[in-house]
């Protein structure tokens with residue numbers, strides 16, 4: 213839904229040593245997209261259901277991109293203002 217509405221790009225990783233541990237990374241497409249998502253009732257409905265899937269231990273609101281071997285991803289993040 214977040215991708216379809218053009219709010220963000222998302223990646224989900226699973227810890228191979230602890231298959232029940234997941235890491236979700238969301239890259240907002242812009243500050244405006246983030247603001248729109250936070251006002252969107254569909255998004256709120258989705259966020260309310262997240263505890264049904266597992267325990268959320270940590271949320272990082274802002275991370276500084278340092279390095280990536282994936283071409284263009286750091287530049288995309290920096291351009292989006294994340």
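Residue numbers (our numbering): 213 to 294. Beta carbons are placed, not taken as given, at the ideal position from N, Cα and C, and that holds for glycine.
Quick one: grab the DSSP three-state call for residue 262.
Against the chain shown, residue 262 aligns to sequence position 50. It is helical.
Could you tell me if residue 241 is buried or exposed, where buried requires 16 or more neighbouring beta carbons within 10 angstroms of its beta carbon?
Looking up residue 241 in the chain shown gives position 29. Residue 241 comes out buried.
If you check the beta carbons only, do residue 268 and residue 275 fall under 8 angstroms apart?
Here the question's residue 268 lines up with position 56 in the chain shown. Here the question's residue 275 lines up with position 63 in the chain shown. Going by C-beta atoms, residue 268 is not nearer than 8 angstroms to residue 275.
Residue 250 - containing alpha helix (DSSP H), residue span
Your numbering for residue 250 matches position 38 in the chain shown. It spans 243–251 - the alpha helix (DSSP H) in which residue 250 sits, taken as one unbroken run.
Taking only the alpha-carbon atoms, compute the straight-line gap between residue 254 and residue 215 and give it to the nearest angstrom.
On the chain shown, position 42 is the one that residue 254 refers to. On the chain shown, position 3 is the one that residue 215 refers to. Cα-Cα distance, rounded: 13 angstroms.
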